[in-house]
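Take a look at the structure below.
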Amino acid sequence: MPIMSYIAYPNENGKEQLVADLNQLSSCDARAALNEDMIILITDTGSDCEEEHLQESLKKVTSLSCLTLVYAESTDNSNHGGEK
Amino acid sequence: MRPEDLTQIDRRDFIKNMAFASALLVAKGLVPGVLFADEQKLKNDQDLQWKKTPCRFCGVGCGLLVGIKDGKATAVKGDPDSPVNKGLCCVKGYHSIQVLYGKDRIKKAQVRKNGKMVEVPLGEALDLVAKKMKETIAKHGKDAVSIYGSGQWTIPDGYVASKFMKGAIGSNNLEANARLCMSSAVTGFMTTFGLDEPMGCYEDIDYADVFVLWGNNMAEMHPVLFSRMLDRKYKNKKVKIIDLATRTTRTSYAADKSILFKPQTDLAIANAICFEILRNGWENPEFIKNHCSFKTGKTNIGYGLEEKFNFKDEVKSSSLDEYKNFLKDYTPEKVENISGVPAKDIRYLASLYGDPQKKVTSFWCMGMNQHTRGTWINNLVYNIHLLVGKISTPGNGPFSLTGQPSACGTVREVGTLTHKLPHGVVTNKKDREMAAKIWKVPESNISPKPSHHTVSMFRALDRGEIKFMWIQVTNPMVTMPHLNRYREAAQKEDRFIVVSDIYPTPTTDIADVILPSALWIEREGMFGNSERRTQHFDQLVEPPGDAISDAWTMIEVAKRMGHGELFPWDKKNHIEKIWEEYRLFHAGKKHNMAPYQLLKERPGVRWPFVDGQETRWRYHAKYDPAAKGKGFDFYGKPDHKAWIFLRPFEEMPEPPDKDYPFILNTGRVIEHWHTGSMTRRIPVLHQAVPESYVELHPADAKRMMVRTGDKIKITSRRGSIIMKAQVNGRGRPQEGHVFVPFFDEKYLINDLTIDAYCPISKQPDYKKCAIKIEKV
Chain A
1 MPIMSYIAYP NENGKEQLVA DLNQLSSCDA RAALNEDMII LITDTGSDCE EEHLQESLKK
61 VTSLSCLTLV YAESTDNSNH GGEK
Chain B
1001 MRPEDLTQID RRDFIKNMAF ASALLVAKGL VPGVLFADEQ KLKNDQDLQW KKTPCRFCGV
1061 GCGLLVGIKD GKATAVKGDP DSPVNKGLCC VKGYHSIQVL YGKDRIKKAQ VRKNGKMVEV
1121 PLGEALDLVA KKMKETIAKH GKDAVSIYGS GQWTIPDGYV ASKFMKGAIG SNNLEANARL
1181 CMSSAVTGFM TTFGLDEPMG CYEDIDYADV FVLWGNNMAE MHPVLFSRML DRKYKNKKVK
1241 IIDLATRTTR TSYAADKSIL FKPQTDLAIA NAICFEILRN GWENPEFIKN HCSFKTGKTN
1301 IGYGLEEKFN FKDEVKSSSL DEYKNFLKDY TPEKVENISG VPAKDIRYLA SLYGDPQKKV
1361 TSFWCMGMNQ HTRGTWINNL VYNIHLLVGK ISTPGNGPFS LTGQPSACGT VREVGTLTHK
1421 LPHGVVTNKK DREMAAKIWK VPESNISPKP SHHTVSMFRA LDRGEIKFMW IQVTNPMVTM
1481 PHLNRYREAA QKEDRFIVVS DIYPTPTTDI ADVILPSALW IEREGMFGNS ERRTQHFDQL
1541 VEPPGDAISD AWTMIEVAKR MGHGELFPWD KKNHIEKIWE EYRLFHAGKK HNMAPYQLLK
1601 ERPGVRWPFV DGQETRWRYH AKYDPAAKGK GFDFYGKPDH KAWIFLRPFE EMPEPPDKDY
1661 PFILNTGRVI EHWHTGSMTR RIPVLHQAVP ESYVELHPAD AKRMMVRTGD KIKITSRRGS
1721 IIMKAQVNGR GRPQEGHVFV PFFDEKYLIN DLTIDAYCPI SKQPDYKKCA IKIEKV
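Sequences listed follow chains A and B, in order.
Under the numbering used here, think of the first position of the first sequence as 1, with each following residue one higher.
Under the numbering used here, think of the first position of the second sequence as 1001, with each following residue one higher.
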């Protein structure tokens, strides 16, 4: 059940469009900077499957120029690493 | 709705706030002045307590603020008051607290019974460890037991290990994994300057005009310092970054110039730069005359591959004229043939170092240190800076970076290596007397003879001279070179292996006893970073299950062995007491450490700490209270001069040939910390790079008809492995080379690497051995 945050950059002069496109996706909360072409995106998905679906949807957002992951936490403390 | 569901919803909102806060912090770092409408809401979280700590991961020593709520670490951000990182973090730092909460944390002690590990009460496991140590010493002698620790030990952990092994048991069988990453830097400093650790500090980044990175992928390995360097460049357009490396990396792409050289030939390049400086008259004659001596050492010194290999250097005096004559073998044209670096690029490098108007900082880490001539290449880069007098002043300095959070603070300063004491070396009677006096033990307890460095220690385990090994905070069953030999050694019939750790690893797999360790902010401690900065952290959360600190674990075993009088401290105050006792070793202007209370208050203090002031640049009277006179004073050497060594180029131990025509290089990626035992348990980091791979040059891949994802068999004279290829990924090796990250325990690449080492530092070379590759 991951919660993540990203820095998102729109295509030129497309900040409002990108905020609208991202907020249309379920699990997304996009917040635009007041004075720069920059957006903070927070995602909250209920399962790994939903997260995968969201990642695919994000790839299709044409108003998005660049997306950089900043923070991620899995709220069920599940461990995906370290297996032998 | 059940109360626990309500709690869960509150918690998700809380985490979302933290996710927003982290992104906000990064946004403000990227675009100063950027504003968001929701910023004010973040300031209203009254329940969160923010506490300072250094980051758990690399040797940069970034200051973090960890948000604690309901006894749990739930948020993390860069500490804006930390002069190291100024509020910035890398991807590992931002996710660091998640490493506390992996589902397979070791919470209970385990003992092997009838071939199977079973959980036991901690006291029972500690009783067994003490009993086995005593029995082994009684039957085979004190040098049949050993402790192998880490640059991730806190300073108190390392201090207790040293006092326990050297003061109580009386054996020098104490080593740490920093032997594998930093010992060439130590011997480089010791041979040239007579004292360990950098003369400069991170503020050099704020003054330098040129940065030369010697085999140092800072963009991935020291990302916060790399960001500071880029910031310096963007604000000062004349600043240049030169990446001098054997592989094209993210650092190369960000640099002004990328220069690739053949592995091992950095020795020749450094000499050629010096040749060119002297040929053009760019040297600083006054500085050389007043502050430098010329020395030679042995040549053709071997590679440590023979069993019980022994080497002692012989240093003899030389002169500037002899040095000039020696350098005639290293004209840029001759070195172009050796290194593959065009002569014009060597001249360009020399011109940067030689320009009196430019301040130059050289950075390096594993590329120069994991090298069978590691001490020599450290010496040679110092030579460059000494010839032009660019050292020990703001922006001018050779700067060896560290890879672990306390490789400097614990291993180098406390001295958790076979030949070391907290002050000085075991071979020096005065140093032994000082240790005996502070530890309140007879001087005869402290053995005057160093025993085994790391490779030698594992070879002794293989031969059966060492029967008992206690491994703490490190994972040698992934990291030892020529690993398959030492894995078999550890599993031999009458060997007894104790492992203190936080998660299961290939090293816990070979253990007879596993002890649960408290991690980082689950206990109080200190780390010491690359710039001589000691940083204290409080215990912020409770450790899980029976886990306790490694320092306290060793104290408990020492008490059971009858050495309790050496550790007369309460569990509550032992860190403060250890620190104040340890400080006695470093009293004086050359290395004085800050008092405990001050460390608690500040985001780190750099030593020497004298008259309430930190020392930023050593060996210059303007900045360093230990320096005499008005200018430079290299007081580490008896003649108060830095030594310029005449060190030649010598070949790598296992050059490629017709049977093994490729060169294997190993290293790290930004997402993973060393063997991945922690970062692979942080979901976002694991998912970013879920498994290791082998990087190929595109021309080699094309010739072999290999694409990314195809399986490749890599074989050396010691072993083979099959893994997936990566072509045109984040890094690009040269043609005829491959690169493999070592973080993934599913692919034990060190089964293939060679256990050759620098005969002076005893540090192994993980950067070059001969292999062959085939498409599977």
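Beta carbons: idealized from backbone N, C-alpha and C, even for Gly.
Nearest neighbour of Val61/A, chosen from Ala20/A, Met1/A, Asn13/A [CA to CA]: Ala20/A
Within 8 Å, strictly: CB atoms of Pro1481/B and Tyr1660/B: No.
On the three-pair Cβ rule with 8 Å, is the region 1384-1398 of chain B touching the region 1200-1209 of chain B? yes
Any chance the region 1464-1471 of chain B sits against the region 1128-1140 of chain B, with 3 or more Cβ pairs inside 8 Å? Touching, yes.
Can you pull the chain A neighbours of His1095/B, defined as C-beta to C-beta under 9 Å? Tyr71, Ala72, Glu73
By Cβ distance, which residues of its chain are closer than 6 Å to Gln1491/B, with the 5 residues on each side in sequence left out? Ile1510
Is there a Cβ from chain A that is less than 8 Å from the Cβ of Asp1005/B? Legend: pLDDT at Asp1005/B = 39, less than 50; position of this residue unreliable, value from coordinates given subsequently. So no, Asp1005/B is outside the interface.
Spell out the partners DSSP gives His1674/B in its beta bridges. According to DSSP, His1674/B bridges with nothing at all.
Sheet register partners of Trp1376/B (DSSP bridge): Note: Trp1376/B sits in no beta bridge, so no partner.
Between the region 1402-1422 of chain B and the region 1574-1593 of chain B, do at least 3 Cβ pairs fall closer than 8 Å? yes
Measure the alpha-carbon distance for Lys1051/B versus Leu1065/B and round it to whole angstroms. 5 Å
Nearest to Leu1515/B by alpha carbon, out of Asp1266/B, Glu1581/B, Leu1128/B? Leu1128/B
By the 8 Å beta-carbon criterion, what residues does the region 1213-1240 of chain B contribute toward chain A? none
Is the separation between the beta-carbon of Phe1527/B and that of Pro1156/B shorter than 8 Å? no
Would you list, in chain order, the members of the region 28-55 of chain A that have their beta-carbon closer than 7 Å to a beta-carbon of chain C? The chain inventory of the structure shown lacks chain C, comprising the protein chains A and B.
Determine, using beta carbons only, whether Pro1398/B and Ser1362/B come nearer to each other than 8 Å. yes
Could you confirm whether any beta carbon from chain A is found closer than 8 Å to the beta carbon of Asp1070/B? no
Apart from the five residues on each side of it in sequence, which residues of its chain come closer than 7 Å, Cβ to Cβ, to Gly1354/B? Ile1277, Asn1280, Trp1282, Val1388
Delimiting residues of the alpha helix (DSSP H) encompassing Val1118/B: Looking at the DSSP string, Val1118/B is not in any alpha helix (DSSP H); the run it does join, the beta strand (DSSP E), is 1116-1120.
Per DSSP, the bridge partner or partners of Leu64/A: Pro10/A
Is DSSP giving His1737/B helix, strand or coil here? strand
May I have the straight-line CA-CA distance separating Val1076/B from Ser1400/B, to the nearest angstrom? Using only the alpha carbons, I get a separation of about 28 Å.
Within chain B, the residues that Ser5/A reaches when beta carbons sit closer than 7 Å: Ala1019, Phe1020, Ser1022, Ala1023
Supposed close pair Ser1761/B, Val1239/B - CB separation, criterion 8 Å: With 8 Å as the limit, Ser1761/B and Val1239/B do not qualify as a contact, their Cβ atoms being about 32 Å apart.
Would you decide whether Ile1722/B is buried or exposed? Buried here means 16 or more other CB atoms lie within 10 Å of its CB. exposed
Whether or not the region 1660-1677 of chain B and the region 49-60 of chain A are in contact is what I'm after, with contact meaning three or more pairs of Cβ atoms, one per stretch, closer than 8 Å; do they touch? Segment contact: the region 49-60 of chain A against the region 1660-1677 of chain B, fewer than three CB-CB distances shorter than 8 Å; contact not assigned.
Just list the alpha helix (DSSP H) runs in the region 1400-1458 of chain B, keeping only unbroken ones of 4 residues or longer that don't cross its boundaries, in chain order. 1429-1439
So is Lys1016/B in contact with chain A if we call contact Cβ pairs under 8 Å? yes
Under the three-state reduction of DSSP, which class applies to Gly1194/B: helix, strand or coil? coil
Sort Ala1027/B, Met1554/B, Gly1087/B, Val1224/B by Cα distance to Val1498/B and report the nearest one. Met1554/B
Identify the residues that DSSP records as bridge partners of Lys1052/B: which are they? Bridge partners of Lys1052/B: Leu1065/B.
With a threshold of 8 Å between beta-carbons, can Ala1073/B be considered close to chain A, or not? no
Quick one: grab the DSSP three-state call for Phe1020/B. helix
If you measure from the beta carbon of Pro1683/B to each beta carbon in chain A, is any gap under 8 Å? yes
Within 8 Å of any Cβ in chain A, is that where the Cβ of Ala1027/B sits? Chain A has a Cβ within less than 8 Å of the Cβ of Ala1027/B.
Report the partner residues of Trp1364/B according to the DSSP bridge assignment. Trp1214/B, Ser1400/B
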